[in-house]
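Heads up: the sequence shown is residues 2 to 161, going by our numbering.
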Amino acid sequence: MIEAFLEIDSDLPLVIVCRKAWMWEDEIGFIDTLGAAARSRLRFLGYAERDDLRRLNAGAQMFLFPSLYEGFGLPPLEAMNAGCPVLASDRGSLPEVCGDGALYVDAMDRDDIRRKIEQMMSDDGLRASLAVAGRKRAAAFSMEAYVAALASAYARLQTS
2 MIEAFLEIDS
12 DLPLVIVCRK
22 AWMWEDEIGF
32 IDTLGAAARS
42 RLRFLGYAER
52 DDLRRLNAGA
62 QMFLFPSLYE
72 GFGLPPLEAM
82 NAGCPVLASD
92 RGSLPEVCGD
102 GALYVDAMDR
112 DDIRRKIEQM
122 MSDDGLRASL
132 AVAGRKRAAA
142 FSMEAYVAAL
152 ASAYARLQTS
């Protein structure tokens, strides 16, 4: 994702919000070898509190999540709930969770990631439609939806 983003001619920064996990240096240690211009386009915020994440998602032009595997996919769901257009991997649970609220990429294909980022950057209509579809999709995972589904399941158990 970082390599794909840096190939794009844009003034936008790539803001990366996450804790430094194991294998951090193995995965993105190459950024130390980049020139100053490329490094200046990257912002590593580290861990962010929930309220800060909400503000970041609400203010972002897009949310990039080309994960190789997700058991559920809470980060893109939070972005969709904030009205942020999502670009997500076509792997794991992400297509099921994000539904029509995301644009999908092959997480192992840098060119596909670059093309889809460029598409999202240049297409205001696409971003707007993903923002609307994403909010609608995220509503299916709201606490109210969860409580209703749980109540329905308990009701079915009582009649069995």
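Built from N, CA and C at the ideal position, the CB exists for glycine as well.
Between the alpha carbons of Ala146 and Lys117 lies a distance of about 31 Å. Under the DSSP assignment, Phe6 falls outside any beta strand (DSSP E), being part of the alpha helix (DSSP H) whose first and last residues are Ile3 to Leu7. Within a 10 Å sphere around the beta-carbon of Ala139 sit 16 or more other beta-carbons, which makes this residue buried. Under DSSP, the beta-bridge partners assigned to Tyr105 are Ala89. Here Leu65 is bridged, per DSSP, to Leu88.
Per DSSP, Val16 is one residue of the beta strand (DSSP E) stretching across Leu15 to Ile17.
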